[in-house]
Amino acid sequence: MNKGAWALVLIMMLHRDPAVWGEHAEDFDPDRFEPKAVRGRPPHAFKPFGTGARACIGRQFALHEATLVLGLLLRRYDFRADPDYRLRVSERLTLMPSGLALHLARRSPATRAAAPVSG
Ligand code: HEM
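Residue numbers (the numbering used here): 456 to 574.
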């Protein structure tokens, strides 16, 4: 590339590159974000908040908010999705599952003991 040339990174492609994520790059696999797996990847392979001068300014806020809200909800409720739901991706400002509804059931001491939330 020439100095000063433009490069456009297609983040959706970057996050599905089999050279980085393996042949099952499309699968939902939260274990990809275990610290050991993260350390084994090139540092710029995951860019959910964009990159460079125009990257997301809400990143730290969003990460704190998500951790807080998920922590509060998962402590109190079990989440259940319709087992017949099949993923349809809706593309808006961000990608989101279209038509996915989660049913919340209040956790009791018994269900909490069966599936404790760590941390
Ligand atoms: C999980 C939540 C979020 C995700 C995944 C996300 C993702 C992104 C991405 C991919 C960009 C474009 C970066 C680029 O063009 O390279 C962006 C830009 C931006 N985001 Fe977020 N964002 C999130 C939450 C937030 C929040 C909570 C705020 C504000 C409180 C925010 C404010 C902004 C602003 C103002 C820009 C435009 C920055 C600029 O063009 O200079 N975002 N975000």
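Glycine is no exception: its CB is placed at the ideal position from the N, C-alpha and C atoms.
Computed from a prediction, not measured in an experiment: that's the story for all the values here.
Based on the DSSP secondary-structure assignment, which residues constitute the bridge partners of residue i?
i, result
"R561", "Y532"
"V544", "P552"
Leaving out five residues before and five after residue i in sequence, what residues of the same chain have Cβ atoms less than 6 angstroms from its Cβ?
i, result
"L550", "V544"
"I466", "K502"
"E489", "none"
"G505", "C511"
Please work out which residues of its chain come closer than 8 angstroms, Cβ to Cβ, to residue i, disregarding the five sequence neighbours upstream and downstream, and give them in chain order.
i, result
"R471", "A480, E481"
"A536", "L555, A556, L557, H558"
"S553", "R543, V544, S545"
"R567", "none"
Near residue i, which residues of its chain fall below 7 angstroms by C-beta distance, leaving aside the five closest residues on each side in sequence?
i, result
"F534", "L557, L559"
"R561", "R531, Y532"
"R496", "V475"
Can you confirm whether residue i, when its beta carbon is compared against all beta carbons of chain D, has any partner nearer than 9 angstroms?
i, result
"K491", "In the structure shown, chain D cannot be found, because there is only a single protein chain."
Is it true that the segment 499 to 509 meets the segment 520 to 532, where meeting means three or more beta-carbon pairs spaced less than 8 angstroms apart?
-> no
Runs of alpha helix (DSSP H) wholly within the segment 463 to 500 (minimum 4 residues, chain order) = 466 to 469, 473 to 476, 490 to 494
Segments of 4+ residues assigned as alpha helix (DSSP H) that fall wholly inside the segment 503 to 527 = none
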